Structures are given as C-alpha cells and as structure tokens.
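Numbering (our numbering), first residue to last: 65 to 244. Beta carbons: idealized from backbone N, C-alpha and C, even for Gly. A quick note: this is a predicted structure, and the numbers were derived from the prediction, not measured. Okay, structure first, notes after.
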C-alpha cells in the first residue's frame, strides 16, 4: 500500500476558492472606459469570453451618475416624482458597475459574486453581494448580467484592491481601484 500524498496548502494571506487560478498581467491594465479601474487578472480577454468567465467592473462617481439622471430627465420629460425617486436612490459614494458573461442562464446570477475591497495593508474596507438576477442571452450560450452595486467610499485613502469572488466558477477576479 502506498501512503497518501500530502498536498501543500496555499500560503496566501487570503484564501481563494478551489477553482483553477486566473492568469495575471505583469502590470495592471487600465480600463479604457473607466480610468480609475485597473485589471489585474486576465478576465476580459477573448479566452475568458469563450470560456464564459468574462468579468468587468467600472466605478461610476456620484457626479457622473447625477449628470446621467439629469440628461435622462431632459430627454424623457420625467415628472418631478420620478426625478426625485431617482435622485433619492443615488448612492453617495458612487457605484461599481459590474458586467459578467457566463455560460448558461443560471450561471449569470450576480448574487453568486462577492465584492471585497482591501487597502494595501490588507484591511477590509468594503464588502458587498449583488442582488439576485438573471442574465440576458448574449450569444453562443453566453448570458450577460449587468448590475450597479452601491459603493461606500472608504475613509482610508486608496488605492484599493477589489476582489470579486465567484462561488460558481470558484475563481477570484482582481482589480485595483484608484478613486480620487
């Protein structure tokens, strides 16, 4: 009989799910559509889109969101009550716009994700779980889900490491947030 082989535990400070690890860029890649977000893991390339593990996040400031609400009010001639309701729902710290592409409709549920922001020292400053939802058909058995998750701007100065843990894929996607 052979003795069981012991496997080494991860020496990582923060435990990761048991899924396959994501490839990382040598240097964080700036998002052309969102200048305050830099992508650390390779999760928006063609391979990720084909395998159904595309994940993207963008920070929207309260000023940007207010400008959008004002423009929508002008275009649609909203009643004051609609405008006031949208204004009241505006998160004071802005929002993280989360976009995911997954294979199969049930896998595109944003509530399977956990967003965690940490400082350089590793102190956790933000944690959120998106609301449950379903994805829309995106082609080739891919489904897209998009959701704005309210962001509470931490009092601790940044930059922050944002980790998105997907419990269904059992993978972690990492970003660097440089919020002014």
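From the listed residues 126, 204, 177 and 93, the smallest Cα separation to residue 215 is found for 126. Runs of the alpha helix (DSSP H) lying entirely within the segment 112 to 188, each at least 4 residues long, are 126 to 140 and 144 to 152 in chain order. Excluding the 5 residues flanking it on each side, residue 188 has same chain C-beta neighbours closer than 8 Å at 180, 181 and 182, in chain order. Excluding the 5 residues flanking it on each side, residue 239 has same chain C-beta neighbours closer than 7 Å at 101, 102, 103, 104, 121 and 226, in chain order. The bridge partners DSSP lists for residue 192 are 179. Going by DSSP, residue 200 is part of the beta strand (DSSP E) stretching over 200 to 203.
Annotation: the continuous beta strand (DSSP E) that includes residue 226 extends over 224 to 230.
Taking all protein chains in view, the Cβ of residue 237 is crowded by 16 or more other Cβ atoms within 10 Å, so the residue is classified as buried. Cβ contact annotation for residue 223 (same chain, cutoff 7 Å, sequence separation greater than five): 240, 241 and 242, in chain order. Sequence-distant Cβ neighbours of residue 169 in its own chain, meaning closer than 7 Å and more than five residues away, are 198, 199 and 207. Around the beta carbon of residue 117, 16 or more other beta carbons sit within 10 angstroms, so the residue counts as buried. Check the Cα spacing between residue 154 and each of 211, 235 and 133: the tightest is with 133. The C-beta distance from residue 229 to residue 164 rounds to 13 Å, too long to fall under 8 Å, and the pair is not in contact. In summary, residue 129 is buried, with 16 or more beta-carbon neighbours lying within 10 Å of its beta-carbon over all protein chains present. Beta-bridge annotation (DSSP): residue 238 is paired with 227.
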